[in-house]
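In UniProt numbering, the protein residues as written are 1 to 177. Glycine is no exception: its CB is placed at the ideal position from the N, C-alpha and C atoms.
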Amino acid sequence: MAKYVCENPPPPGNYGILQVYISKGITCVRVPDTLDGKRVKTAPEFANTRKHASLFAQAAPLAAVVHRTLPMNKQRAHYQSLAGKAYQWLKAGNTPEEVHLLLLEAAELIRKALNRERVKAFIAERKKGNKQVFVIPEAGSMVENVLPHILLSPEGSRMHIRSRIRKKYYARCCHLV
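This is the structure in structure tokens:
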């Protein structure tokens, strides 16, 4: 960007190959770029650009559909990761249906990581307030010698302990205090 430093710069407009304009009160001059949309869409030197743009145009909606299935603590970076993977798989020659299935598998890994983060944040928040993370009510011999599996409910308001006990019963106990 060239700046006019003389006292009387020319008014904004085109003067041959020069374009004069005012930016933030300063008169500037530039040579306009010859690249335009029509040339990008038709010129043979931009064939690869058009090819990759069409692949990404297919990959982005596939990634968006799968990204919507992730939990509420999802981030834009997860969508970008899914879109990049979809682009690579389409570029490798996979069909959109195959890519959708592969994206669902990739989303499952992201979902597991997000759930782990949510549980860690929940436990840290509970410990910060000197509250017990969870309480097992006394259930006598039903819960003895059993390793509970701890799951966080979708609402995040209750912890459920599912314990294998005799006759395939599950104890759903343990309310947060």
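Could you check the C-alpha separation between residue i and residue j for me, to the nearest Å?
| i | j | result |
| --- | --- | --- |
| GLN58 | PRO96 | 8 Å |
| ILE26 | TYR4 | 8 Å |
| HIS67 | ALA121 | 22 Å |
| SER54 | ARG116 | 36 Å |
| LYS51 | PRO44 | 11 Å |
| CYS6 | GLY13 | 17 Å |
Take residue i and list the residues in its own chain whose beta-carbon comes closer than 8 Å to its own, dropping the five residues that flank it on each side.
| i | result |
| --- | --- |
| ALA113 | none |
| ARG30 | MET1, ALA2, LEU18, GLN19 and TYR21 |
What is the DSSP secondary structure of residue i, reduced to helix, strand or coil?
| i | result |
| --- | --- |
| ILE123 | helix |
| LEU101 | helix |
| ARG116 | helix |
| ASN73 | coil |
When the Cα of residue i is compared with those of the options, which residue comes out closest?
| i | options | result |
| --- | --- | --- |
| ASN73 | ARG118, SER81 and VAL29 | ARG118 |
| LEU90 | ILE110, ALA106 and LEU62 | LEU62 |
| GLU105 | PHE56, SER23 and LEU70 | LEU70 |
| HIS78 | ALA107, LEU101 and ALA47 | ALA107 |
| SER81 | LEU109, ALA92 and ASN94 | LEU109 |
| VAL65 | LYS24, LEU101, LYS38 and GLU125 | LEU101 |
| ARG111 | ASN48, ALA83 and GLN75 | GLN75 |
If I measure Cβ to Cβ from residue i and keep anything under 7 Å in the same chain, skipping five residues before and after, which residues do I get?
| i | result |
| --- | --- |
| ALA86 | ALA59, LEU62, ALA63, VAL99 and LEU103 |
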